[in-house]
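Chains as they are written, first to last, in the numbering used here: chain A, 14 to 185; chain B, 155 to 644.
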């Protein structure tokens, strides 16, 4: 009789775990989405030759605190864009490393100090005002992004119109 | 194959030629149309595939952003552009994990997404074409675009094509038939003329008709040969007609002569009998009353007169019998030849008695005939045997045997006849002997005439000094059946 109860409870727990796992699989967490976006941004960007030589890997730098955990590494593992391998780099500041894509989490203010040929991605509309190029925004709990075109032009980073089309707003 | 052509075999040439023209024109045009249709549909399908491939490429490229950032709204907008293609039934954009990011369906279309494949693929589903194209972005596969395109356009295109082509085909055939009318005439008219002439010739038997030659081809050769043949028939026909005419003339002349002769013989024989009887009667009176006292010389002279008169009467009788053979007579009555032989013997009783002859005969049949013909036949043959005898007493036998023909023979032991005379003895008035043996010269002529009238033949087998056998045949059809025989047959 006792074992029957145990079994029933175990079955309920197991099913609950299964359900939550499925839920996680179905709707990835915010940062999992952002990690995927980060990688995809790189696919719509063309860097100047000086910034990215052929066959040179594309470095995605996470500046400061890393909110992605293992998600970004898993995603980027073995990925390449055209002939460029994709590499994740964690750095305290953008000047410490040669980055093609630089994600600023909490360290949004540093974006203005980034050199030419680096795509800067940050959080919130304020990030654009402080000179960032792409900013994640949440809209109805969906991850979307705004684009600051003048900043891109200034940095010599060219963006595909296809990316502009899926952006929430584009600052001309 | 032969069965297929049978209904057309009796068609007139005119229609056959028309049929050939229409059939060949129609067939050629039909083949051309089918060829054009096939090539068109193949080319159209090919261009459609290319077009669709290009279209899908554009859509795929345009949907990379939406796919990369999982923006179903933007993807749906991209697909919405397909509304401009009315034959596009459905299009779906799949994410990398095979879930659907965006879909588009034509109004009224079945709301199921077309099949997706991992590689670029084109396939046919019913009357539709299905296309699946991976969407790649900078070398990475980020999703799939699947499209379903309605190909019924192709069928409607074929239908329109047929609707245009069929009337053209019919008009072309009709036009070909009309335009070829003169050409057809060139081929068929000479043959038709020839056939008409042939019909006219066989209808009217006028061999002077000629077919007109219009061409130098096989028909022309035929016309020449036909005319040549007609010419030959014509000349032969004329020859034949001349010959027939001549023969008819000759026959008529001959018959007239014969009739004249027979009439003369009959009249002469009849009218000569009376004066002859008077000569005989009065000479006998003279002998009995006046010359009884006269010398033997006078008696002998008177006897000579009587003998001469008797001979003349015999001659006249023979002549009359011969003439009567030409006259029509009832031949159907049954005559017993035994009776006939008996009568002939009775008529010759005096000669038989004086010569001491013995006349015998086999059992003879009854035949259908006329006694007036048959008695002289037997009498003359027996008479000849008696007349041309040798020193010993004559023995005469009438033989008979039935075969395919009835065969009779009259055999004697007389003086015989030299072979060179075997033919001439049957000719009238031809005599081998002078006055030493009296005779009219008509006996065997009468026999020959009787036998031939009944459809038989007569000849003699004889050698001098060995006797003679006269043989004659009569057709077996003359055999009169006795009542008993008739009964067994029926």
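Every residue, glycine too, gets a C-beta built ideally from N, C-alpha and C.
A quick note: this is a predicted structure, and the numbers were derived from the prediction, not measured.
- Listed in chain order, the positions of the stretch 291 to 321 of chain B with a beta carbon within less than 9 Å of a beta carbon of chain A are 291, 292, 293, 294 and 296.
- In the pairwise beta carbon analysis, the stretch 244 to 256 of chain B is classified as not touching the stretch 176 to 185 of chain B: fewer than three pairs are separated by under 8 Å.
- Under the DSSP definition of a beta bridge, residue 59/A partners with 171/A.
- Listed in chain order, the non-local C-beta contacts of residue 438/B below 6 Å within the same chain number zero, local neighbours out to five positions each way being set aside.
- For residue 228/B, the residues of chain A that pass the 7 Å Cβ criterion are 178 and 179, in the order they occur in the chain.
- Per the coordinates, the alpha-carbon of residue 44/A lies some 6 Å from the alpha-carbon of residue 81/A.
- Taking 8 Å as the threshold, the shortest C-beta distance from residue 153/A to chain B does not fall below it.
- Rounded to whole angstroms, residue 460/B and residue 504/B show a C-alpha spacing of 17 Å.
- Beta-bridge partners assigned by DSSP to residue 165/A: none are found.
- For residue 229/B, the CB contacts under 8 Å within the same chain, skipping 5 residues up- and downstream, are 217, 220, 221, 247, 255 and 256 in chain order.
- DSSP, read as helix, strand or coil, puts residue 263/B in coil.
- In chain order, 499, 506, 536 and 550 place their CB closer than 7 Å to the CB of residue 513/B, counting only its own chain and leaving out the 5 sequence neighbours on each side.
- Fewer than three beta-carbon pairs drawn from the stretch 158 to 173 of chain A and the stretch 198 to 214 of chain B are found closer than 8 Å, and the two stretches are therefore not classed as touching.
- Secondary structure in the stretch 80 to 141 of chain A: the beta strand (DSSP E) runs of 3 residues or longer, each lying completely within the stretch, are 97 to 104, 114 to 117 and 132 to 136 in chain order.
- In this structure the stretch 578 to 587 of chain B does not lie against the stretch 626 to 635 of chain B, because fewer than three pairs of beta carbons, one per stretch, are closer than 8 Å.
- Taking 8 Å as the cut-off, the Cβ atoms of residue 509/B and residue 547/B count as close.
- For residue 95/A, the closest Cβ of chain B is nearer than 8 Å.
- If you draw a straight line from the Cα of residue 567/B to the Cα of residue 539/B, it is about 8 Å long.
- In this structure, 632/B is the residue among 632/B, 613/B, 501/B and 526/B with its C-alpha nearest to the C-alpha of residue 556/B.
- Closest option to residue 363/B, judged by alpha-carbon separation, among 343/B, 529/B and 386/B: 386/B.
- In the pairwise beta carbon analysis, the stretch 85 to 104 of chain A is classified as touching the stretch 44 to 59 of chain A: at least three pairs are separated by under 8 Å.
- Out of 272/B, 285/B, 560/B and 242/B, the CA that lies nearest to the CA of residue 264/B is found in 242/B.
- Cβ proximity to chain B below 8 Å picks out nothing from the stretch 160 to 171 of chain A.
- Nearest CB-CB separation between residue 259/B and chain A: not below the 8 Å threshold.
- The alpha-carbon of residue 278/B is positioned some 13 Å away from that of residue 206/B.
- Across the stretch 219 to 252 of chain B, CB contacts with chain A closer than 7 Å involve 219, 220, 222, 223, 225 and 228, in sequence order along the chain.
- Under the Cβ distance rule, residue 81/A does not count among the residues neighbouring chain B, no pair being separated by less than 8 Å.
- Using a 10 angstroms sphere on the CB of residue 238/B, the tally of other CB atoms stays under 16, which defines it as exposed.
- Only exposed fits residue 165/B, as fewer than 16 other CB atoms lie within 10 angstroms of its CB.
- At a cut-off of 8 Å between C-beta atoms, residue 57/A counts as an interface residue with respect to chain B.
- Residue state for residue 165/B is assigned as coil, using DSSP reduced to three classes.
- Annotation for residue 500/B: the continuous alpha helix (DSSP H) segment containing it runs 491 to 501.
- In this structure, residue 302/B lies away from residue 289/B, with their beta-carbon atoms at least 8 Å apart.
- With a cutoff of 8 Å on beta-carbon distance, residue 287/B and residue 214/B are scored as near each other.
- Taking one beta carbon from each stretch, the stretch 59 to 75 of chain A and the stretch 88 to 103 of chain A have 3 or more pairs nearer than 8 Å; the two touch.
- Inter-segment contact for the stretch 425 to 435 of chain B and the stretch 379 to 398 of chain B is absent: fewer than three beta-carbon pairs are separated by less than 8 Å.
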